[in-house]
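All remarks here apply to the structure that follows.
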Amino acid sequence: MTPGGGSGPMKDCEYSQISTHSSSSPMESPHKKKKSVPKRKWEVFPGRNKFFCNGRIMMARQTGVFYLTLVLILVTSGLFFAFDCPYLSEKITPAIPAIGGILFFFVMGTLLRTSFSDPGVLPRATPDEAADLERQIDIANGSSSGGYRPPPRTKEVIINGQTVKLKYCFTCKIFRPPRASHCSLCDNCVERFDHHCPWVGNCVGKRNYRFFYMFILSLSFLTVFIFAFVITHVILRSQQTGFLNALKDSPARYPFTEIYSVVCFFSVWSIVGLSGFHTYLISSNQTTNEDIKGSWSNKRGKENYNPYSYGNIFTNCCAALCGPLSPSLIDRRGFIQPDTPQLTGPSNGITMYGATQSQSNMCDQDQCIQSTKFVLQAAATPLLQSEPSITSEELPLPGKTSISGPCASLTLGQPTPPSSMPNLTSDSGLTDIIPLKEEHEGHQFLTPEEAPSPPGMLPSGSPIAHSHTMHVLSLASQDSLHEDSVRGLVKLSSV
Amino acid sequence: LCPQVHSLQELRRSASLATKVFVQRDYSDGTTCQFQTKFPPELESRIERQLFEETVKTLNGFYAEAEKIGGSSYLEGCLACATAYFIFLCMETHYEKVLKKISKYIQDQNEKIYAPRGLLLTDPLERGMRVIEISIYEDRCSSPSSA
Chain A
97 MTPGGGSGPM KDCEYSQIST HSSSSPMESP HKKKKSVPKR KWEVFPGRNK FFCNGRIMMA
157 RQTGVFYLTL VLILVTSGLF FAFDCPYLSE KITPAIPAIG GILFFFVMGT LLRTSFSDPG
217 VLPRATPDEA ADLERQIDIA NGSSSGGYRP PPRTKEVIIN GQTVKLKYCF TCKIFRPPRA
277 SHCSLCDNCV ERFDHHCPWV GNCVGKRNYR FFYMFILSLS FLTVFIFAFV ITHVILRSQQ
337 TGFLNALKDS PARYPFTEIY SVVCFFSVWS IVGLSGFHTY LISSNQTTNE DIKGSWSNKR
397 GKENYNPYSY GNIFTNCCAA LCGPLSPSLI DRRGFIQPDT PQLTGPSNGI TMYGATQSQS
457 NMCDQDQCIQ STKFVLQAAA TPLLQSEPSI TSEELPLPGK TSISGPCASL TLGQPTPPSS
517 MPNLTSDSGL TDIIPLKEEH EGHQFLTPEE APSPPGMLPS GSPIAHSHTM HVLSLASQDS
577 LHEDSVRGLV KLSSV
Chain B
1262 LCPQVHSLQE LRRSASLATK VFVQRDYSDG TTCQFQTKFP PELESRIERQ LFEETVKTLN
1322 GFYAEAEKIG GSSYLEGCLA CATAYFIFLC METHYEKVLK KISKYIQDQN EKIYAPRGLL
1382 LTDPLERGMR VIEISIYEDR CSSPSSA
């Protein structure tokens, strides 16, 4: 690592006046290129998320299906309250709309909590951290065949007697904590990543899993409740006036009754099924991601067990649902400090710069050198070489007829070829290719917009779809890898 | 608090950053937040091993307290669930309270122990709970203005 960039120390001696109230208030710095209103951190957030209400609300980029969920719930419940409740509260008891109302508010509350909150996104490494990690990896692997293979970027940890591999995330430049995974739809690493749910328009991870579970549980009760009482309503009316007359009773009611009965019927099976599946996951303290990959299943070996499980179902449930709620790590509404390093590129840790130095003034030379190093390493390696040791747990999706099969299609959280900076693209786009072959497969699999399908709907169709697309992708992946490497080289030349 | 922050700012002004050391997470206990107590070699000449280890151990203790699953956390969880989690809009969680304690502790340690030795601890919360970042400063001025 060459010390000291040429352009860096220029600003060494100039310090902006640091006010004592700098920690939470906007600061004016003469070095900031934009002298406009200081930005909040959410405005420069590197992931693919949408923010609303000045950073208070955080969602994934595609929110169309979320609005559909909202509409379905609101319309179905609205029709139920408008048309069935008056009759039922007279005939049976007014407790019915009351309970329905409570359930409805609970469903909406948990849905909005799930959709709007931070799922547990891990902020990306600062340039200093990234450089430090790179250095450590180089030291660890430098003596061995550095020319033939890029260093394997995994660390092994023993948790509760079980060996767990921690993988290096090329996008976020960190070693992912155990159970974390990178969501390629949101382009973030998420702690305790469960899955990306298009129905709630967000990832489901450590911080919002309990809201998600309460949402699907309460929604199950709500749909069963509505369905049961709609049937009751029709039965009661038909006792009075005959079945067909009951349906024809009022021209306004007739089509709606049928429509939302049908909606309820399908919802009941899929939602109840999903709730059951997640109840199983919670009681065994697994994530959807781990279950799909079979990380802790006995099929991998007799010695394989889940190191995170507390041993008994009750403790597992309590820990997942009533455990402490960790705060958001990304500080969306904080103001950007001029002296905090911006995540513009890799830097060596030993840089002489003043406290107000912006990292974008970093020495381009260092970035060039690093990028070149990776290009040479990559070029020396056959493109399609895959590392069995790294990818051993990345099993192809088994033809599992699980209820959340289609949802599982979105659990292949994989790093995407970074899109923001040319420098980043050059090194990670290429080193991505070699050990992480089928991660690109996963990436390709996720980008088609038609991927989201209703959870639990047609579960038998999903394993077939999975195996077919995986087969197609294995042919397409070679092309995509070639394309990626070419793209990376082109971008490198532009640095 | 303000005058104390001021002295740390002056440290930054009079000194220049030499390097940063990162204390990584220790995952051997699972996903709970714990940091490695291994003494980084770069700090060998700057601070006594025992002081450093004590700081990290105390921090680990705080994080363990924040993430403890026990009676009070269950109560908080059940209460929150019963109110459809609306209670989080007005109440501070136990975890957040402990994080405030940690922040104060780090500030305290910086003033008393680390700043006089030309070091600065960064709260792990600002680094996504991944690392404890220790900035090592080289004094360039003859008379440093920090305490």
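Same order as they appear, the protein sequences are chains A and B.
Reading the first sequence from the start, the letters are residues 97 to 591 in this note's numbering.
Reading the second sequence from the start, the letters are residues 1262 to 1408 in this note's numbering.
Yeah, the Cβ is synthetic: ideal placement off N, Cα and C, and Gly gets one too.
By DSSP, does residue i sit in helix, in strand, or in coil?
i	result
residue 276/A	coil
residue 159/A	coil
residue 1380/B	strand
residue 1300/B	coil
residue 1308/B	coil
residue 204/A	helix
residue 1352/B	coil
residue 259/A	strand
residue 1279/B	strand
residue 271/A	strand
residue 1295/B	coil
residue 1368/B	helix
residue 382/A	coil
residue 306/A	helix
residue 394/A	helix
Roughly how many angstroms lie between the CA atoms of residue i and residue j, to the nearest whole one?
i	j	result
residue 1314/B	residue 1320/B	10 Å
residue 224/A	residue 1277/B	15 Å
residue 563/A	residue 384/A	In this prediction, residue 563/A has a pLDDT of 44, which is less than 50 and means its spatial position is unreliable; nothing more can be read from the coordinates.
residue 142/A	residue 365/A	38 Å
residue 251/A	residue 178/A	58 Å
residue 378/A	residue 411/A	10 Å
residue 257/A	residue 403/A	7 Å
residue 1352/B	residue 1291/B	28 Å
residue 220/A	residue 166/A	32 Å
residue 1389/B	residue 180/A	50 Å
residue 1374/B	residue 423/A	28 Å
residue 1308/B	residue 1378/B	7 Å
residue 222/A	residue 430/A	16 Å
residue 356/A	residue 328/A	14 Å
residue 285/A	residue 330/A	49 Å
residue 1345/B	residue 319/A	18 Å
residue 1340/B	residue 1301/B	43 Å
residue 1383/B	residue 292/A	32 Å
residue 134/A	residue 434/A	10 Å
residue 494/A	residue 373/A	Note that residue 494/A scores a pLDDT of 41, beneath 50, so its modelled location is shaky and nothing firm can be said.
residue 309/A	residue 367/A	11 Å
residue 375/A	residue 148/A	32 Å
residue 1360/B	residue 1367/B	10 Å
Classify residue i: buried if its beta carbon has 16 or more other beta carbons within 10 angstroms, exposed otherwise.
i	result
residue 1376/B	buried
residue 287/A	buried
residue 1369/B	exposed
residue 371/A	buried
residue 1356/B	buried
residue 382/A	buried
residue 201/A	exposed
residue 1397/B	buried
residue 94/A	For residue 94/A there is no data in the structure shown, the boundaries of chain A being 97 and 591.
residue 428/A	buried
residue 322/A	buried
residue 314/A	buried
residue 395/A	exposed
residue 289/A	buried
residue 450/A	Confidence is the limiting factor: at residue 450/A the pLDDT is only 40, short of 50, which leaves the residue's position unreliable, though a coordinate-based value still follows. Result: buried.
residue 217/A	buried
residue 511/A	With a pLDDT of only 40 at residue 511/A, under the threshold of 50, the placement of this residue in the model should not be trusted; the figure read from the coordinates follows. When all chains shown are included, residue 511/A counts as buried.
residue 302/A	buried
residue 272/A	buried
Throw me the rounded Cβ distance for the residue i and residue j pair, which I believe falls under 8 Å.
i	j	result
residue 205/A	residue 1347/B	6 Å
residue 432/A	residue 137/A	6 Å
residue 209/A	residue 317/A	That pair is no contact at about 17 Å.
residue 159/A	residue 297/A	4 Å
residue 254/A	residue 1289/B	6 Å
residue 325/A	residue 192/A	6 Å
I'd like to confirm something about residue i: is its beta-carbon nearer than 8 Å to some heavy atom of the ligand SAM, or not?
i	result
residue 135/A	Here there are no bound small molecules, and the ligand SAM is not part of this structure.
I'd like to know if the stretch 181 to 199 of chain A and the stretch 270 to 277 of chain A are in contact, where contact means that at least 3 CB-CB pairs between them fall below 8 Å.
no
Flag this pair as touching only if the stretch 210 to 230 of chain A and the stretch 144 to 159 of chain A have three or more C-beta atom pairs under 8 Å; answer yes or no.
yes
Do the stretch 167 to 182 of chain A and the stretch 259 to 266 of chain A touch if we need at least three Cβ pairs shorter than 8 Å?
no
Touch check for the stretch 1278 to 1291 of chain B and the stretch 1393 to 1400 of chain B: three-plus C-beta pairs under 8 Å?
yes
I'd like to know if the stretch 1329 to 1347 of chain B and the stretch 413 to 421 of chain A are in contact, where contact means that at least 3 CB-CB pairs between them fall below 8 Å.
yes
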